[in-house]
Structures are given as C-alpha cells and as structure tokens.
Amino acid sequence: MNIKFDYNGKNVIVTGSAKGIGKEIAMAYAKAGAQVVVADVCEKEGRQTVEEIRVKGGTADFVRTDVTEEQSVIKLVDEALRLLGRIDIMVNNAGVVGRIKGDPLTALDTADWDRSYQINLRGVFYCCKAIYPIFVNQGFGNILTTASVAGKTGAPEIIEYSAIKAGVINFTQTLSRELGPKNINVNCICPGFVYTPLYEAAAPTYKEKYPQMFKNAKDGKGVVDEFSRQLCALKRAQTPADVANAALFLTSGEAGNITGQALNICGGCEFR
1422 MNIKFDYNGK NVIVTGSAKG IGKEIAMAYA KAGAQVVVAD VCEKEGRQTV EEIRVKGGTA
1482 DFVRTDVTEE QSVIKLVDEA LRLLGRIDIM VNNAGVVGRI KGDPLTALDT ADWDRSYQIN
1542 LRGVFYCCKA IYPIFVNQGF GNILTTASVA GKTGAPEIIE YSAIKAGVIN FTQTLSRELG
1602 PKNINVNCIC PGFVYTPLYE AAAPTYKEKY PQMFKNAKDG KGVVDEFSRQ LCALKRAQTP
1662 ADVANAALFL TSGEAGNITG QALNICGGCE FR
C-alpha cells in the first residue's frame, strides 16, 4: 500500500514552526495541500518559513505566538479562525531543550526547570485549552503534541527536559480519554536523535561530559551521529522529515482510529 497524504481543504496550526522540526512539519502539511498557520515567537524566521511555503506553491500565514503567555495563544487561535475560517488540526510543537547542565542534579538551576516547564508543558496546556472549545463545538478535530523519547527513558544530563516531556506524554494520553467521545483524536510524537542547530551549542558540553563516547564528534551533527550509531538499532540519526511524516500519518484519515498514542521516531533507541 502506497499512502499519499492529501490535506487539501484542511487547515492546520503548527506552533514552534519557524525552524527545526516544526518548520519541516509545517512545510510537509503545506506540500500535502493544507493551509498552514506558522506560529512562533521568532518572527523573522517564521515569516521566512511562510515565504518558503508560498514559493513552493503552498498556502501559509504567520502569527507571532509566545506559548508561555495564555493570551498570546488565545489570540493565535482567534487569528487562525479569522484567516482560515476553520481549524482541523492543532500541532503543539513549540519546545526548548535548554542548557545541558544536569548530571549531577545539583548543577541544575530552578530557572532552567521553570523555563522548560513553561514552554514544553504549560505551553501545550495553553494550546489545548484554547483549541478545546473550537473542536468540541464543531464536532471533530485532531491534536498532536511533540514530546521526546527522553520522556520515556530519561536522560540525566537533561533531567528537567526528560521529566517535563514525560508530562507531555501523560497529558496527551489523559486528554485523549476525555476528548475521544467527542470525536477528537489526541496523539503524541516522540523524536529520538534529530539534528537541529540546538545541538551546536550543546556539543561542547556533551564532549566534555562523555569524552569517550564523543571522541570522534567534531560538531553538533557529529554528536547526533554518535548518539545514533551507539544507541539506535538502525545505527542512523533521525531527520526532521522522518518526524514530519509521522505527524502527517497520525493526523490523517488513515489514522482515524488511533488516539492516546506516543509514537517513537527514534531508529529503535527506545522500544516502549
């Protein structure tokens, strides 16, 4: 079976889509025919993403959004409704890894914990709360959140990120039980080792903490490649496109009977 995703006539919001995984997800929906709202706190990069989508023949608009502020998220949903007339899919992707300071736990600052919580979990709550009445009133909808395999196994050097992404998974599964009877699917994607520019800042810390593991890693991409070679069954890194493909599947009609799931896209580095 060769599934070709057709999102013509569908309207999608993707938060955290100015760059990285979120950008790839937004562009994939647009390529499949959806009208996309690119939502991000980074205005310059967000507008560039919209331009890239339009140049390739897609339809997109940018709405500046700070998911740590509830009123900003409410305005996002209101503006998306004004632009699109209807929302079919809400992808809550905005997130941050933060500074690599854990292991030992005592190296972690309260500020790092709070920032991760505010963006990675409370932001998901705000987005789901804002879209909730829209989807319930129209009698359908699809919510997708982005967590991480770290939310299942934990990574000591990013302990706050791991714990909070576990919260995203549990929140997703709990909400799916509430919204399932209302014909609303709620699922979660859990990326593994995906190279983004964030790894460039983290690479020196990883090399310092784990010199043997990363002795051959020259930069952030090298760190991701070494993680993947040593920890993934498939011995290769995952890509933003891999994650985008999973997003398109989980919000498609082909996945209409799937809800409450946390799907790993990790090359077999985690099997739960």
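For the sequence shown, this note's numbering assigns the number 1422 to the initial residue and increments by one for each residue that follows.
Don't be surprised by glycine CBs; every beta carbon is placed ideally from N, CA and C.
Keep in mind it's a predicted model, so treat the numbers as computed, not measured.
Its Cα nearest to that of N1558, the residue L1600 stands out among R1485, L1600, V1570, V1458. When the beta-carbon positions are compared, N1591 and L1671 stay at least 8 Å from each other. In the same chain as R1485, and ignoring 5 residues on each side of it, the C-beta atoms closer than 6 Å to its own belong to E1464, in chain order. Annotation: F1614 to M1634 spans about 15 Å, alpha carbon to alpha carbon. Secondary structure at D1509: coil, using DSSP grouped into helix, strand and coil.
Three or more beta-carbon pairs separated by less than 8 Å link the stretch 1541-1553 to the stretch 1491-1498, which places the two stretches in contact. Taking the Cα of S1569 as reference, the smallest distance to any Cα among I1605, T1436, V1518, T1527 is reached at V1518. C-alpha of A1658 to C-alpha of F1556: approximately 36 Å in a straight line. Each residue's CA atom was taken as its position, placing K1425 and D1535 some 41 Å apart.
Selection A1667, Y1428, G1677 evaluated against G1688 yields A1667 as nearest (Cα-Cα). In the structure shown, D1533 adopts helical secondary structure according to DSSP, grouped into three states. Where L1684 is concerned, the enclosing beta strand (DSSP E) starts and stops at 1683-1686. Note that the C-beta distance between T1660 and N1606 is not below 8 Å.
The stretch 1521-1532 makes no contact with the stretch 1436-1455, as fewer than three CB pairs between them are under 8 Å.
For E1578 against I1521, the beta-carbon gap comes to about 5 Å, under 8 Å, which counts as contact. The stretch 1453-1506 contains, as complete beta strand (DSSP E) runs of 3+ residues, the segments 1456-1461, 1480-1485 (chain order). Runs of the beta strand (DSSP E) lying entirely within the stretch 1625-1684 and spanning at least 3 residues: none are present.
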